[in-house]
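Quick note: the sequence shown, position 55, residue 55 per full-length UniProt numbering, numbers continuous.
Quick reminder that beta carbons are idealized off the backbone N, C-alpha and C, glycines included.
Remember, predicted model here, so these are calculated numbers, not experimental data.
Taking it in order: structure first as structure tokens, then the write-up.
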Amino acid sequence: MEEQQDRAAEQANKIDQQNNHGGDQNAEQRIADLEAQLAQAKKEAAENWNKYVRERADWENFRKRQERLVADRVLYQKKAVFNKLLEVLDNVERALVYEETMDKTQLQHTLHMLQWQMNEVLRGEGLNAVPTVGESFNPYLHEAVEAVEDSDQPDGTIIEELRKGYTIGEETLRPARVKVSVGSNK
Numbered sequence: 001m002e003e004q005q006d007r008a009a010e011q012a013n014k015i016d017q018q019n020n021h022g023g024d025q026n027a028e029q030r031i032a033d034l035e036a037q038l039a040q041a042k043k044e045a046a047e048n049w050n051k052y053v054r055e056r057a058d059w060e061n062f063r064k065r066q067e068r069l070v071a072d073r074v075l076y077q078k079k080a081v082f083n084k085l086l087e088v089l090d091n092v093e094r095a096l097v098y099e100e101t102m103d104k105t106q107l108q109h110t111l112h113m114l115q116w117q118m119n120e121v122l123r124g125e126g127l128n129a130v131p132t133v134g135e136s137f138n139p140y141l142h143e144a145v146e147a148v149e150d151s152d153q154p155d156g157t158i159i160e161e162l163r164k165g166y167t168i169g170e171e172t173l174r175p176a177r178v179k180v181s182v183g184s185n186k
């Protein structure tokens with residue numbers, strides 16, 4: 001019986017050793033699997049970081065290209081406007097060459113032609129004069145520099161323009177300086 005107990009104890013020890021050895025193998029396998037997963041995650045993180053860096057660089061390059069395109073368009077538009085203004089300047093310089101040989105009427109006619117040409121260039125670029133005399137005062141378009149009592153005009157009517165104002169599109173480039181009537185309730 002003792003022999004049977006010794007054999008049973010030996011078998012139990014063998015089974016324990018096998019279980020312990022098998023447990024070590026399972027733990028080692030689990031560690032190896034986790035290390036492989038960690039290595040894969042690190043690889044993916046590095047790839048994602050590299051993708052991010054490339055995308056960021058692409059975005060910066062795109063932004064710089066867009067800035068250059070805008071700057072080029074602005075320069076192109078400036079050149080077009082300046083070429084038109086240079087035509088007016090050329091005519092002013094030609095008029096100055098002949099200034100001494102012109103009589104008063106010819107000089108006035110030349111000045112009116114230059115003014116017309118300049119206004120055409122400005123209108124062509126979208127610049128328009130602000131309407132003034134006889135119009136109601138609008139603080140978005142006009143700058144009142146003087147209030148004048150005028151019983152012939154309704155209150156808030158512009159009676160004199162002191163400096164032209166201009167709009168470009170819907171925006172006021174420069175408000176017109178005006179005198180405005182006050183004191184009448186017509």
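How would you write the range of the alpha helix (DSSP H) that residue i sits in, first residue to last?
i: Leu-141; result: No alpha helix (DSSP H) contains Leu-141, which DSSP labels as neither H nor E.
i: Val-182; result: Where Val-182 is concerned, there is no enclosing alpha helix (DSSP H), although the beta strand (DSSP E) it sits in stretches over 176 to 182.
i: Glu-120; result: 104 to 124
Where residue i and residue j are concerned, what is the direct C-alpha to C-alpha distance, given to the nearest angstrom?
i: Glu-161; j: Ala-71; result: 37 Å
i: His-142; j: Gly-165; result: 7 Å
i: residue 190; j: Tyr-52; result: Coverage of the chain is limited to positions 1 through 186, which leaves residue 190 absent and any answer about it impossible.
i: Gln-117; j: Gly-126; result: 15 Å
i: Glu-60; j: Ala-36; result: 36 Å
i: Lys-84; j: Leu-111; result: 17 Å
i: Leu-75; j: Lys-42; result: 49 Å
i: Trp-49; j: Ala-27; result: 32 Å
i: Val-145; j: Asn-128; result: 21 Å
i: Lys-79; j: Ile-159; result: 39 Å
i: Pro-175; j: Lys-64; result: 36 Å
i: Leu-122; j: Arg-56; result: 43 Å
i: Leu-107; j: Gly-124; result: 26 Å
i: Asp-90; j: Val-97; result: 11 Å
i: Glu-93; j: His-109; result: 15 Å
i: Arg-30; j: Arg-54; result: 36 Å
Report yes if the CB atom of residue i is closer than 8 Å to the CB atom of residue j, and no otherwise.
i: Gly-183; j: Asp-155; result: yes
i: Val-130; j: Thr-157; result: no
i: Leu-114; j: Val-88; result: yes
Taking buried to mean at least 16 other C-beta atoms within 10 Å of its own C-beta, is residue i buried or exposed?
i: Lys-179; result: buried
i: residue 187; result: For residue 187 there is no data in the structure shown, the boundaries of the chain being 1 and 186.
i: Ser-151; result: exposed
Taking the continuous beta strand (DSSP E) assigned at residue i, which residues delimit it?
i: Thr-167; result: 166 to 168
i: Glu-161; result: 158 to 163
Three or more C-beta pairs below 8 Å linking the stretch 100 to 113 and the stretch 122 to 141: The answer is no - the stretch 122 to 141 does not touch the stretch 100 to 113, with fewer than three Cβ pairs under 8 Å.
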